[in-house]
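Structure record follows, encoded as structure tokens.
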Amino acid sequence: EQKQYLIDGELKTWTGNTTEVYSTISSTETYKPTVLGSIPDMGEPEALEALDAAMAAYGRGQGVWPTMHVKDRIECMENFVGQMETKRDEIVKLLMWEIGKSLPDSQKEFDRTIEYIYDTIEEYKELDRNSAKFQKHDGVYAHIKRGPLGVVLCLGPYNYPLNETFALLIPAIIMGNTTIFKPAKHGVLLITPLLEAFQSSFPKGVVNILFGRGRAVAAPIMQTGKVDVLALIGNSKSANALQEQHPKSNRLRLVLGLEAKNPAIILPDADLDLTIDECIAGTLSFNGQRCTALKVIYVHEDIRDEFIKRYSKRVDELKFGNPWEEGVKLTPLPEPGKPAYIQELIDDAVEKGAKIMNQKGGQKFDNYIWPAVLYPVTKDMRVYQEEQFGPVIPVLSFSDIEEPLNDMAESNYGQQVSLFGKDVYTLSPLIDTLVNLVCRVNLNSSCQRGPDVYPFTGRKDSAQATLSVHDALRSFSIRTFVAFKDN
Ligand code: G3H
């Protein structure tokens, strides 16, 4: 049971109501979620207490943390990451049990986060070195550096409860901001082993950790208008709802990673072996529960039949099992309502003329639904319009490249695309077009966020601000300078 929470440097023990946390993994033949533990069901009083603590620690820019010497701030972060490294086994186990992520992917999430923190420290040192230089233009000297923004409310997603949450939290902290952080609904217990590390590494009020429902704790904080940055990775509905609570919502700094519907575009000369490998990984890693997942496939009509046949066969050959089992690729879904939602998408598509192209597609067992390859998908289908964030793959075919390009231009999203083909004279102008529709073009490879040094962002409703080791430090800070004249 998780009864502790962190406010104002104090690890407090919760005595109020709690909410049970279920594991996605069933211990019975007939699916029945396992109760893993429970978390505090916090509300407005704790939320406002955390806000007060974060504001006091920031002290209108005069607090201990924003004014601390860079070297000391780095030491705090190094202390934290050093303690975190000792928690690997415990956190990896919780990742598997809480969100059903496979053992190799859970280990990767942990290791990637540690690397992210060390890289952020190095980038921060570099930023500091650069800011020590003076500039001179037209007789005016300037000493330009990057300063913090204030109080950051930070909310992470369930699919990367450690890595993506920390991709917001760590740069926000190291830049001198103070923070209030609420873990996602799934993947919440794994924050517990880190509470003491947070408490002992940073001055009081720099990191405040709340538990409970987003609406109950995040909304009252936003309503005060005292949050300077809303940092959220998740869906735009939650982001919009929280932003609207802020009395000066149009002045609020937003650091958001939101939905995407990344397409794969497969040209007639694509290497099919490689394309199928990449499309399997792109569509179904972690059951498609990634904002970067390939969520729609456009295949040229000349190779459509062969691609669909081979890709569908590969989908049915994937191994389903518990996250720790050898070779497992498909694992139980953490959200109890997900199979029913995916079924709705399949039903809607089939009703409107699509077929399930793989034998196992749509089969249900435990809290799972086997990935269905749907073809031909049309634009009036929900599976085309919605971000499925789960195991179902819509396939469309095209004869003219303008068809997928037009769809991308009309889409509400603009994160990434995967382009498969060989002829450089075809690819080259296409790449030039695609980079103006999305923010990353993956050539003959599936979409992904990493390596984390590369910019991670999106156009339209997919993102606001840019994350990455390099960019996040900039997203959570502002350029300030002291100027003086040559007189
Ligand atoms: O959910 C969105 C994540 O940013 C995806 O990250 O591409 O490393 O799996 P990934």
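Using UniProt numbering, read the sequence shown as starting at 15 and increasing by one per residue.
Glycine included, C-beta positions come from ideal geometry on N, C-alpha and C.
All of these numbers come straight from a predicted model, not from anything done at the bench.
Beta carbon of residue i: closer than 7 Å to some heavy atom of the ligand G3H?
i, result
"P465", "no"
"T306", "yes"
"E416", "no"
"Y174", "yes"
"P277", "no"
"Q462", "yes"
"G153", "no"
"G271", "yes"
"P443", "no"
"E63", "no"
"E178", "yes"
"P171", "yes"
Quick check on the DSSP output: the beta strand (DSSP E) that includes residue i runs from which residue to which?
i, result
"residue 513", "What is shown of the chain runs 15 to 501, which leaves residue 513 out entirely."
"V49", "47-54"
"V229", "The displayed chain sequence assigns Arg, not Val, to residue 229. Per DSSP, R229 belongs to no beta strand (DSSP E); it is in the alpha helix (DSSP H), 228-237."
"L20", "18-21"
"F212", "Per DSSP, F212 belongs to no beta strand (DSSP E); it is in the alpha helix (DSSP H), 209-215."
Can you tell me whether DSSP reads residue i as helix, strand or coil?
i, result
"T100", "coil"
"F490", "coil"
"Q430", "strand"
"A274", "coil"
"T297", "helix"
"R324", "helix"
"R87", "helix"
"E34", "strand"
"residue 14", "As displayed, the chain neither begins before 15 nor continues past 501, which places residue 14 out of reach and without an answer."
"Y439", "helix"
"Y382", "strand"
"Y172", "coil"
"N456", "strand"
"H484", "helix"
"N372", "coil"
"Y312", "strand"
If I follow the unbroken alpha helix (DSSP H) through residue i, where does it start and stop?
i, result
"Q357", "352-365"
"E123", "117-145"
"K26", "From DSSP, K26 is part of no alpha helix (DSSP H) but of the beta strand (DSSP E) over 24-27."
"V397", "396-399"
"L419", "416-424"
"T193", "Per DSSP, T193 belongs to no alpha helix (DSSP H); it is in the beta strand (DSSP E), 192-196."
"Q257", "250-259"
"V78", "78-81"
"S263", "Looking at the DSSP string, S263 is not in any alpha helix (DSSP H), and its letter there is neither H nor E."
What does the Cβ neighbour count give for residue i, buried or exposed, with the cut at 16 atoms within 10 Å?
i, result
"N276", "buried"
"residue 508", "This structure cannot settle anything about residue 508, because the visible part of the chain is limited to 15 through 501."
"L288", "exposed"
"S299", "buried"
"S215", "buried"
"R160", "buried"
"Y325", "buried"
"F498", "exposed"
"H260", "buried"
"Q478", "buried"
"P47", "buried"
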